[in-house]
Amino acid sequence: MCYYYDGDGVCEDFERETGVRDCGLYTPNGFLDQWAATVEVSHEQKPYCSGEVAAGYPAVTKTCQSKVFDLSDGVSQYAWFPCQEARATTMGYANYWLKAHFSHPMVAAAVIIHLATDGTTYIDQTQCNITVRLVDTKEGIHSLGEWRLSCRNNPLVIPVTHDLSVAFYHTKAILVTFVSRLVAISGVGLRSFQSFDPITISWLPEQRDLQPHLARVVYIIRVKPSTARNP
């Protein structure tokens, strides 16, 4: 007799990293994930396309949809997407954005984007890109570049690297921009180190100035045990 374990409500050890329906989203050992406390969006029309639905823990039990023709009212209950009125502009494309704010600014280790749809359609199956930027507590902007969306890679986990030659910054918000009105986002997460903090290597300024490679080696030694298991 065969047993279909996915979605049975029991989190088995072997599905802890991948069984989203039964175990929720996986957080690697040594890290903490927090989800947006509030969300601002470029286009909003309550209750149909309210940005509020993208705040908090994402709808992990909902299947990410590809090749959609249009977005239904059902999707609007658990994910934000641009309103019907937010069509192509006179220049050919609209610029949509979502800004997720977090209650506890942290040194970012990764950004997590949970999708409800990836922006592909039956007519045009070209994968869409998003641009991701971090906003720090001093209103500084840090670009993470462009990333391709796909339901096969959902949630999208974007790693954050830090330059040890400059001061660490704490991320308070994440800005996501894209051009397809068929992209729907159900959650934005900020992954941070559970025990790592810039204070722990505050003794390194002299070593960084004289021996930059030494500072990098110490950083790797401290962080590597926590990153042994990747999402």
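Here my numbering is used: the first residue of the sequence shown is 152, the next is one more, and so on. Note that CB positions come from ideal geometry on N, CA and C, so glycine has one too.
query: Run through DSSP, which three-state label would A260 get?
result: Translated into positions along the sequence shown, residue 260 becomes position 109. A260 falls in the strand class under three-state DSSP.
task: Please classify H255: is it buried, with 16 or more other beta-carbons within 10 angstroms of its beta-carbon, or exposed?
output: For the purposes of this step, residue 255 is taken as residue 104 along the sequence shown, with counting starting at 1. Exposed.
- prompt: Taking the C-alpha atoms as reference points, what is the distance between V219 and D275?
  reply: What you label residue 219 is simply residue 68 of the sequence shown in a count that begins at 1. What you label residue 275 is simply residue 124 of the sequence shown in a count that begins at 1. The straight-line gap from Cα to Cα measures roughly 10 angstroms.
query: With a CB to CB cut of under 8 angstroms and the five nearest residues on each side skipped, what residues in its chain are close to K289?
result: Position 138 of the sequence shown holds residue 289. So the list reads Y320, once near-sequence residues are dropped.
Nearest-angstrom Cβ-Cβ length linking S337 and L266, presumed shorter than 8 angstroms: Here residue 337 refers to the residue found at position 186 of the sequence shown. Here residue 266 refers to the residue found at position 115 of the sequence shown. Confirmed, Cβ separation roughly 7 angstroms.
message: On the criterion of 16 or more Cβ atoms from any shown chain inside 10 Å, does K250 qualify as buried, or is it exposed?
response: Counted from its first residue, the sequence shown places residue 250 at position 99. With 16 or more other Cβ atoms within 10 Å, it is buried.
- prompt: Since G291 and S331 are thought to touch, with beta carbons under 8 angstroms apart, how far apart are those beta carbons, to the nearest angstrom?
  reply: Here residue 291 corresponds to residue number 140 of the sequence shown, with the count starting at 1. Here residue 331 corresponds to residue number 180 of the sequence shown, with the count starting at 1. Not a contact, Cβ separation roughly 28 angstroms.
query: D295: which of I281, N305, D184 and S301 sits nearest, CA to CA?
result: Your numbering for residue 295 matches position 144 in the sequence shown. Sequence check: residue 295 is Leu here, not Asp. L295 has its Cα closest to that of I281, out of I281, N305, D184 and S301.
Nearest residue (CA-CA) to H313, options P198, K213 and M257: Taking the first residue of the sequence shown as position 1, residue 313 is located at position 162. Cα-wise, what sits closest to H313 is M257.
Straight-line Cα distance separating D184 from F232: The sequence position of residue 232 within the sequence shown is 81, counting from 1. The sequence position of residue 184 within the sequence shown is 33, counting from 1. Cα to Cα, F232 sits roughly 23 angstroms from D184.
message: Tell me the DSSP secondary structure of V283 in three-state form.
response: Walking along the sequence shown from the start, residue 283 turns up at place 132. In the structure shown, V283 sits in a strand (DSSP, three-state: E or B).
- prompt: Do you know how far the Cα of P310 is from the Cα of P198?
  reply: Position 47 of the sequence shown, counted from the start, is the residue given in the question as residue 198. Position 159 of the sequence shown, counted from the start, is the residue given in the question as residue 310. Going by the C-alpha atoms only, they are around 33 angstroms apart.
task: To the nearest angstrom, report how far apart A245 and I325 are at their CA atoms.
output: Here residue 245 is taken as the residue at index 94 of the sequence shown, counted from 1. Here residue 325 is taken as the residue at index 174 of the sequence shown, counted from 1. Going from the Cα of A245 to the Cα of I325 covers about 20 angstroms.
- prompt: In chain order, what residues of the same chain have a beta carbon less than 8 angstroms from the beta carbon of T277, not counting five sequence neighbours either side?
  reply: For the purposes of this step, residue 277 is taken as residue 126 along the sequence shown, with counting starting at 1. Only T271 meet the Cβ criterion.
message: If you measure between the beta carbons of Y229 and A210, is that distance less than 7 angstroms?
response: Here residue 229 refers to the residue found at position 78 of the sequence shown. Here residue 210 refers to the residue found at position 59 of the sequence shown. In this structure, A210 lies closer than 7 angstroms to Y229 by Cβ.
- prompt: Quick one: what's A324 bridged to in DSSP?
  reply: Taking the first residue of the sequence shown as position 1, residue 324 is located at position 173. Beta-bridge pairing links A324 to H252 and V286.
query: Do you know whose CA, among A205, V283 and W248, lies nearest W186's CA?
result: In the sequence shown, counting from the first residue as 1, residue 186 sits at position 35. Closest by alpha carbon: A205.
Under 7 angstroms between C-beta atoms of V192 and G202: The residue given as residue 192 occupies position 41 in the sequence shown. The residue given as residue 202 occupies position 51 in the sequence shown. A contact, by the Cβ cut-off of 7 angstroms.
message: Taking 8 angstroms as the limit between beta carbons, can you name the residues of its chain near G225, skipping five residues before and five after?
response: Stepping through the sequence shown from its first residue, residue 225 is reached at position 74. Contacts found: none.
query: Between the Cα of T322 and the Cα atoms of P306, S316 and G340, which residue gives the shortest distance?
result: Here residue 322 refers to the residue found at position 171 when the sequence shown is read from its first residue. Residue G340 is the option with its Cα nearest to T322.
- request: May I ask you to report which of helix, strand or coil DSSP gives V226?
  value: To locate residue 226, count along the sequence shown from 1; it is residue 75. If DSSP states are grouped into helix, strand and coil, V226 belongs with the helices.
message: Quick check: what's the CA-CA separation for S343 versus G181?
response: Translated into positions along the sequence shown, residue 343 becomes position 192. Translated into positions along the sequence shown, residue 181 becomes position 30. S343 and G181: Cα-Cα distance of roughly 9 angstroms.
- request: With R342 as the anchor, note down where its beta strand (DSSP E) starts and where it stops.
  value: As a working mapping, residue 342 is identified with position 191 in the sequence shown. Taken as a continuous stretch (DSSP letters only), the beta strand (DSSP E) holding R342 covers V334 to F344.
message: Give me, in chain order, the residues of the same chain whose beta-carbon lies closer than 7 angstroms to that of A239; leave out the 5 immediate sequence neighbours on both sides.
response: As a working mapping, residue 239 is identified with position 88 in the sequence shown. Residue confidence for A239 is low, a pLDDT of 46 falling below 50, so the modelled location carries little weight and cannot support an answer.
- prompt: Is it true that the CB of L333 sits closer than 7 angstroms to the CB of I264?
  reply: Position 113 of the sequence shown holds residue 264. Position 182 of the sequence shown holds residue 333. Against a cut-off of 7 angstroms, the Cβ pair of L333 and I264 comes out as no contact.
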